[in-house]
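In the working numbering, the protein residues as written are 57 to 316.
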């Protein structure tokens, strides 16, 4: 089991990962993080588990992961900036994870709007951003992350669109070393978002994005339509152009994307 001692050994962060709650199995790291009082979970606290029995992704999807093979964790944040930047935290997270993957494995990870990380077009990581006021007026942000690290088998439904770092690199990846690098990169991206205009982060994200100029399928409620991805706006919404030439913004909370 990955624990605080393993994480703290050679961890090069100022704050992130200095407080850790680790479990063999839990219903959801996000759910546990929400229940923690603010004085029990300072900024940068990590909740990690080898297994989640009720893991969740975006749009109420289940997140299923074999025990002991992947990274399933939540980081607790108390942002010192406004809502316009809070909405960009998933972009900071996906960038941090992509950079960490590149550094540790030598693979070339890309970012898919709004918060997925892909390798060779297959999803290896997803995130779920939630908020809670906890026991104070200070908003607590819960960023849940599921990263396929050493998983080698996927269901028939997923095997053509999901993958893992081990499958893509051909070697077992040290999960502790990878988590440490993710926390270091995430702390750097958080500080970038805190201290600089959000366009700096978004420009870095654009360099890792793979959808601009490409045809996409937008899944919205019970119907879908084709469009071209144009750009990402300062609020994190996606600017698209529909087949009839109209431009509109798509928000992460009510759509998902699938490539043609």
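Glycine included, every Cβ here is placed at the ideal spot set by N, Cα and C.
Being a predicted model, the structure only gives us computed values, none of them experimental.
* **Limits of the beta strand (DSSP E) - the one that residue 133 falls within** => From DSSP, the beta strand (DSSP E) with residue 133 extends over 127-133.
* Asked: Thinking just about the alpha-carbon of each residue, which of 121, 263, 141, 66 is nearest to the one in residue 197?
  -> Closest option to residue 197, Cα to Cα, is 141.
* For residue 102, which beta-bridge partners are listed by DSSP? -> Paired residues: 76, 131.
* To do: From the DSSP output, in three-state form, read off residue 166 for me.
  => Reduced to three states, the DSSP call for residue 166 is strand.
* To do: Please classify residue 127: is it buried, with 16 or more other beta-carbons within 10 angstroms of its beta-carbon, or exposed?
  => Classification for residue 127: buried.
* Residues that DSSP places opposite residue 33 in a beta bridge -> Given a span of 57 to 316 for the chain in the structure shown, any question on residue 33 remains unanswerable.
* Status (buried if at least 16 other CB within 10 Å, exposed otherwise) for residue 114 -> Low confidence applies to residue 114: its pLDDT is 47, below 50, so where it sits in the model is not reliable, and the reading given next is rough at best. Under this definition residue 114 is a buried residue.
* To do: Name the residue from 201, 158, 222, 211 whose alpha carbon lies nearest to the alpha carbon of residue 130.
  => For residue 130, the closest C-alpha among the options 201, 158, 222, 211 is that of 201.
* Cβ of residue 97 within 7 angstroms of any heavy atom in the ligand ZN? -> In the structure shown, the ligand ZN is absent, as is every other ligand, since no ligand is present at all.
* Asked: Does the pairing of the segment 263-277 with the segment 87-97 give three or more beta-carbon distances under 8 angstroms?
  -> Taking a contact to require three or more Cβ pairs closer than 8 angstroms, the segment 263-277 and the segment 87-97 do not qualify as touching.
* **Given residue 296 as reference, the closest of 289, 283, 290, 307 once Cα atoms are compared** => Out of 289, 283, 290, 307, 283 has the C-alpha closest to the C-alpha of residue 296.
* When DSSP labels each residue in this structure, what does residue 148 get in the three-state scheme? -> In the three-state reduction of the DSSP assignment, residue 148 falls in the helix class.
* Apart from the five residues just before and just after residue 155, which ones in its own chain have a Cβ nearer than 7 angstroms to its Cβ? -> Closer than 7 angstroms at the Cβ level, and outside the excluded window around residue 155, lie 241.
* Starting from the C-beta of residue 116, find all residues in its chain whose C-beta is less than 6 angstroms away, skip the five residues before and the five after it, and write them out in chain order. => Its pLDDT being 47, under 50, residue 116 is placed unreliably by the model, and the measurement read from it follows with that caveat. Answer for residue 116: no residue qualifies.
* Look at the Cβ atom of residue 199, then the Cβ atom of residue 292, and state whether they are nearer than 8 angstroms. => For residue 199 and residue 292, no; Cβs fall outside 8 angstroms.
* Quick one: Cα of residue 72 to Cα of residue 134, how far? -> Those two C-alpha atoms are separated by around 12 angstroms.
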